[in-house]
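Asks: Each residue of the sequence shown is one higher than the one before, counting from 21 in this note's numbering.
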Amino acid sequence: MGRRRRSRQRGTGGRSPWVIIGLVALVVIGAFGGGVDTSSVAFTSAASDRGASVDVASDDSGLLGINVAGSVTAGSASQLVTVANNLSQTLSVDVASSASLSNSQATLGPSESLTTDATVSCTSPPSELELTITASADGQFSGVASRSVPVDTSNCADSTLGFGRLDIVDQTTSGKGGKAEYAVTYSLEGDTTSFTNVSVDFENLNEKRSGIITQSSNSQSDTVNFESGGRRNNERYNITVRLFDDTGEIQSEQVVVTDTADGSGTVYSAS
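See the structure below:
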């Protein structure tokens, strides 16, 4: 009777899946030298020069230590992140973000660190600032980490175009023919680059035939004056102040005041 020959065939090229996983881990460890704990690498992803890659953890004491600030303040420079080289070889480190960065690139020797500051503009600041940290070691290793940090906008002034000051004064007197007289003084605040003009409508509620008389100014700070065409003292007026930018009227800034033209002085004031 002939003896049966046992099959020597094995899956995955003769090595079990666990052996292959172990080899992949060794390749990554070999890129840094022995004795490295890969469970505390601060990269989102990393790869050695042999093409092996692993998912790694977030940890400021990992191979690349990443210590991100709790928040950054818009409108001024704030510390964003400190990156430390915890390896025994030199690393090239780069920090990238949509904010304006200072000290964002460095070549770090062992135990050296890089601290990067960020300045977030108060013009449409994000609620969170995203950043990407890239590190490499002479083509032997590369790693990328992505982080985000909240943006504090409490120090940002409101950039919306609006009235910084608006005063409406009834200057009517019984002299000079008893004409109704008003002075509307204003100044603007916020982003004035889109400003076009301020208009003021004066409507006599007692004499509808007078219609609406509109005065306008394209100055960012001015006084708009009105004087009626006849005796109108003690008659009632609607005064409507409108602010316009290059898209049209800013409805939220419209002010309407109803007043009797009797020389009572300031009838509206806001600042």
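Glycine included, every Cβ here is placed at the ideal spot set by N, Cα and C.
1. For L107 and C176, I'd like the C-alpha separation in whole angstroms.
2. Contact between the segment 90-108 and the segment 131-143: three or more CB pairs below 8 Å?
3. With DSSP as the reference, please indicate the residues paired to L134 in a beta bridge.
4. Could you name the residues of the same chain whose beta carbon sits closer than 7 Å to that of D178, not counting the 5 residues immediately before and after it, in chain order?
5. Quick one, are the C-beta atoms of A116 and L151 less than 8 Å apart?
6. Out of curiosity, what's the CA-to-CA distance linking V169 and I232?
7. Can you grab the Cα-Cα spacing for the pair I259 / G283, in whole Å?
8. Tell me which same chain residues have a C-beta within less than 6 Å of the C-beta of T173, skipping the five on either side of it?
9. I'd like to know whether the C-beta atoms of E3 and F161 end up nearer to each other than 8 Å.
10. Closest to V164 by CA distance: which of R185, C142, P130 and L111 is it?
11. In this structure, how does DSSP classify S272 when only helix, strand and coil are distinguished?
12. Assign L181 to one of two classes, buried (16 or more other C-beta atoms within 10 Å of its C-beta) or exposed (fewer than that).
13. Using a threshold of 7 Å, is the CB atom of I153 nearer than that to any non-hydrogen atom of the ligand NAP?
14. For my contact list, V276 and V244 are in at a C-beta cut-off of 8 Å; report their separation, rounded to the angstrom.
15. Could you check whether R252 and K199 sit closer than 8 Å to each other, using their CB atoms as the reference points?
16. To which residues of the same chain is A305 closer than 7 Å at the C-beta, ignoring the five residues directly before and after it?
17. What residues in its chain sit with their C-beta under 8 Å from that of S289, if we drop five residues either side in the sequence?
18. Hey, could you find the ends of the beta strand (DSSP E) D265 is sitting in?
19. Classify T278 as buried or exposed, calling it buried when 16 or more other Cβ atoms lie within 10 Å of its own Cβ.
Replies: Judging by the given coordinates:
1. Here residue 107 refers to the residue found at position 87 of the sequence shown. Here residue 176 refers to the residue found at position 156 of the sequence shown. L107 and C176: Cα-Cα distance of roughly 40 Å.
2. yes
3. The sequence position of residue 134 within the sequence shown is 114, counting from 1. Note: L134 sits in a beta bridge opposite V103.
4. By one-based count along the sequence shown, residue 178 stands at place 158. Counting only Cβ-Cβ distances below 7 Å, and skipping sequence neighbours, we find G210.
5. On the sequence shown, residue 116 is found 96 positions in, with the first residue counted as 1. On the sequence shown, residue 151 is found 131 positions in, with the first residue counted as 1. Yes, Cβ-Cβ distance for A116 and L151 is below 8 Å.
6. As a working note, residue 169 is residue 149 in the sequence shown. As a working note, residue 232 is residue 212 in the sequence shown. Rounded to the nearest angstrom, the two C-alpha atoms are 54 Å apart.
7. Taking the sequence shown and counting its residues from 1, one reaches residue 259 at position 239. Taking the sequence shown and counting its residues from 1, one reaches residue 283 at position 263. Their backbone Cα atoms lie some 15 Å apart in a straight line.
8. Numbered from 1 along the sequence shown, position 153 holds the residue referred to as residue 173. For T173, where only same-chain residues beyond five positions count, the Cβ hits under 6 Å are A94 and P145.
9. Residue 3 lies beyond the range of the chain shown here (21 to 291); nothing can be said about it.
10. Along the sequence shown, one-based indexing puts residue 164 at 144. Cα-wise, what sits closest to V164 is L111.
11. For the purposes of this step, residue 272 is identified with residue 252 of the sequence shown, where counting begins at 1. S272 falls in the helix class under three-state DSSP.
12. Taking the first residue of the sequence shown as position 1, residue 181 is located at position 161. Buried, because 16 or more other Cβ atoms sit within 10 Å of the Cβ of L181.
13. Judged by which ligands are present, the structure shown has none, so any question about the ligand NAP falls away.
14. Residue mapping note: residue 276 aligns to position 256 of the sequence shown, counting from 1. Residue mapping note: residue 244 aligns to position 224 of the sequence shown, counting from 1. Between V244 and V276 the Cβ distance is about 15 Å, and since that is not below 8 Å, they are no contact.
15. Position 179 of the sequence shown, counting from 1, holds the residue named residue 199. Position 232 of the sequence shown, counting from 1, holds the residue named residue 252. Yes; because the gap between Cβ atoms is below 8 Å, this pair is in contact.
16. Only positions 21 to 291 of the chain appear in this structure, which leaves residue 305 out of reach.
17. To locate residue 289, count along the sequence shown from 1; it is residue 269. If we look at S289 and ignore the five residues flanking it on each side, its Cβ neighbours are L186, D187 and I188.
18. By 1-based counting over the sequence shown, the position of residue 265 is 245. That run of the beta strand (DSSP E) goes R256 to D265.
19. Residue mapping note: residue 278 aligns to position 258 of the sequence shown, counting from 1. It counts as exposed.
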